[in-house]
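Engineer:
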Amino acid sequence: MLTVGTGHAEDLERSLIAPMLKSVEQGEWERVVLLPSRITEPSARQLRERIGDVAVDIRPLPGRGLENNADDCFGHFDAVLGDLVERGVRPERIVADFTRGTKAMSAALVLAAVRRGVPLLRYVYGERDPRGTVVAETELVGEIRTDLATARRRLDLVAGLMRHGDFGAAISVLSDSEGPFGAPWPSSLRDEAAALRGVARVYAAWDRLDYGGALRAMDGLGTAHDGLPAEFRPTDGVRDWLKSLAAAPERSDKKAWATWLRALACDLLANAERRLRDRHFEDALLRAYRILELIGQFRLFDKGYDSGSIPPDDSVVAKFRGELEKGRSQDFGRDPKTGNLTAPRELAARLLKRLEDPLAPELLQFDHRHAAKTHRRNRSVLIHGFTAQAPAEEKPLRAVLEDLEKLLVADDACATGNLALARRLDFSGTP
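Following our numbering, the numbering of the sequence shown begins with 5 at its first residue and continues without gaps.
(1) Determine the closest residue to phenylalanine 431 out of Arg266, Val162, Asp101, with distance taken between C-alpha atoms.
(2) Based on Cα-Cα distance, which residue from Arg97, Ala417, Thr103, Glu90 lies nearest to alanine 267?
(3) By Cβ distance below 8 Å, which residues in the same chain neighbour glycine 433 in space, the five residues on each side in sequence not counted?
(4) I'd like to know whether the C-beta atoms of alanine 50 and leucine 85 end up nearer to each other than 9 Å.
(5) According to DSSP, is aspartate 101 helix, strand or coil?
(6) Please classify leucine 225 as buried or exposed, where buried requires at least 16 other C-beta atoms within 10 Å of its C-beta.
(7) What are the boundary residues of the beta strand (DSSP E) that proline 40 is part of?
(8) Could I get the ranges of all uninterrupted alpha helix (DSSP H) runs contained in the segment 151-185, with 4 residues as the minimum, in chain order?
(9) Using a 10 Å radius around the Cβ and a threshold of 16 neighbouring Cβ atoms, would you call serine 181 buried or exposed?
(10) Is serine 311 helix, strand or coil by DSSP?
(11) Considering only C-alpha positions, which residue in the set Ala116, Thr227, Trp245, Val145 is nearest to glutamate 131?
(12) I need the DSSP call for aspartate 339, collapsed to helix, strand or coil.
(13) Below 9 Å between beta carbons: does that hold for leucine 423 and leucine 273?
(14) Quick one: Cα of alanine 111 to Cα of phenylalanine 102, how far?
(15) What is the rounded straight-line gap between the Cα of phenylalanine 185 and the Cα of leucine 6?
(16) Which residue spans inside the segment 374-415 form an unbroken alpha helix (DSSP H) run of at least 4?
(17) Of all the options Cys77, Leu429, Arg354, which has the alpha carbon lying nearest to the alpha carbon of threonine 239?
(18) If I measure Cβ to Cβ from isoleucine 98 and keep anything under 6 Å in the same chain, skipping five residues before and after, which residues do I get?
(19) Quick one: residues in its chain with C-beta nearer than 7 Å to the C-beta of glycine 217, no 5 flanking neighbours on either side, listed in chain order?
(20) With a threshold of 7 Å on Cβ separation, who are the neighbours of alanine 347 within its own chain once the five nearest residues in sequence on each side are excluded?
(21) Could you spell out the range, first to last residue, of the alpha helix (DSSP H) harbouring glutamate 329?
(22) Helix, strand or coil for glycine 433, going by three-state DSSP, please let me know.
(23) With DSSP as the reference, identify every bridge partner of glutamate 254, one or two as the case may be.
(24) Please state whether the Cβ-Cβ distance between leucine 363 and alanine 292 is less than 9 Å.
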């Protein structure tokens, strides 16, 4: 498709017709689309008669005087390109020549072509006379590829998706021609796109708590990520963090298990903060409940108790169960396979209080302090209930997560450093 200008009235042949024919002659075309203004429509008809056997469409601007209005020109040219695509013409088979026409028309055609994914632009150049017009018979046809600019724009889109935590969408945009956003990457950007795709897979796995998958994806990166923007480049600290989370110890090693659960709780808190950032309130609520539960569990592990497998003949537990029965309180659960007792979250906190754990009162009062938000978790539509239980706004849940952070830090001074590593997955604060 070509924009059609006025040329020189005294020599229309050499100033307009011949140069445009030169562009048409360089290539094999199924159809030529001429884009004149209303003023130059007669010239477009003359050009159509000279082109020969190729089908020629003339799609003039819809009104007089629009040739100097870039927005109107863009709207028209974009619609023409859209019509061609809807009729089955693939954008990569289109070439747009923006040589003639006003500057507004040329700029508008370039923008419309880039927007529609046209990979090749043309222009005619040559020696110029004192008026700045290309001298007849010195014309040459030049070409500009748009794929580098559009690929860069796709990488900008990917950066935005990563900053919003949309790692799956980033992977789709970074896919090659087989993907839904398909377009092969220019050779100069292929390595960068592949590296970004690799780290997006790392972060997508990490965000869904698949630590082993994230670590494997990171191991597959090699040194490809060295050229990535600093904000997305995984550090050695991130690798060590994922490695520690992916290497769960034997549960029978209660001390090591408690240490691992502390790290897991920090990562879950950062994950809950991202869910809250994205206004996924129900998901944030469920994570908050699990973190609160984990705190009670790993503090029991510190004292030699596994909340999922407590020997019923333990003297402390036996005495505590007697107190529960006397007070007509809920008893421990029982694992039918082992016969050992199980302690749900609140009962685990009560056992910690019986063991004189200093954080037990905080764990027992947490629900009351936050109007039982975490306690309602079991009635969530995502657990056992039929409706959402999370607040419909951010502020109450933000307070829950802030108090959970205080509990984690009060439990273990290492939590501050662990949370800093876990929060590396949130890129929303970068420019």
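In this text, a Cβ means the ideal position worked out from N, Cα and C, and glycines have one as well.
Structural biologist: Working from what's here:
(1) If you compare the alpha carbons of Arg266, Val162, Asp101 with that of phenylalanine 431, the shortest gap goes to Val162.
(2) Here the closest residue by C-alpha is Ala417.
(3) There are no such residues.
(4) At residue 50 the sequence reads glutamine, which differs from the alanine that was named. One thing to note: glutamine 50 has its Cβ no nearer than 9 Å to the Cβ of leucine 85.
(5) Aspartate 101 sits in a strand when the DSSP states are folded into three classes.
(6) So leucine 225 ends up on the buried side.
(7) For proline 40, the enclosing beta strand (DSSP E) begins and ends at 35-40.
(8) Taking only runs of at least 4 residues, the alpha helix (DSSP H) segments lying wholly in the segment 151-185 are 151-167, 171-177.
(9) Reliability fails at serine 181, whose pLDDT of 45 lies under 50, so the model's placement of it is uncertain and the value that follows must be treated cautiously. Residue environment for serine 181: exposed (fewer than 16 other C-beta atoms within 10 angstroms of its C-beta).
(10) It is coil, neither helix nor strand.
(11) Cα-wise, what sits closest to glutamate 131 is Val145.
(12) Coil at aspartate 339, not helix or strand.
(13) A Cβ-Cβ contact shorter than 9 Å links leucine 423 with leucine 273.
(14) So the alpha carbons of these two residues sit roughly 8 Å apart.
(15) Caution applies to phenylalanine 185, whose pLDDT of 49 falls short of 50 and renders its modelled position unreliable; the model cannot decide the point.
(16) Runs of the alpha helix (DSSP H) inside the segment 374-415: 398-415.
(17) Shortest Cα-Cα distance from threonine 239 to any of Cys77, Leu429, Arg354 involves Leu429.
(18) Leaving aside the five residues that flank isoleucine 98 on each side, the residues in its chain whose CB is nearer than 6 Å to its CB run, in chain order, Val122.
(19) In its chain, beyond the 5 residues on either side, Ala209 have a beta carbon closer than 7 Å to the beta carbon of glycine 217.
(20) Within the same chain, and ignoring the five residues on either side of alanine 347 in sequence, the residues whose Cβ sits closer than 7 Å to its Cβ are Ser311, Ile314, Phe336, Leu355.
(21) Its alpha helix (DSSP H) spans residues 319-330.
(22) In this structure, glycine 433 counts as coil in the three-state DSSP scheme.
(23) Note: glutamate 254 is not bridge-paired with any residue in the DSSP secondary-structure output.
(24) The answer is no: Cβ separation not under 9 Å.
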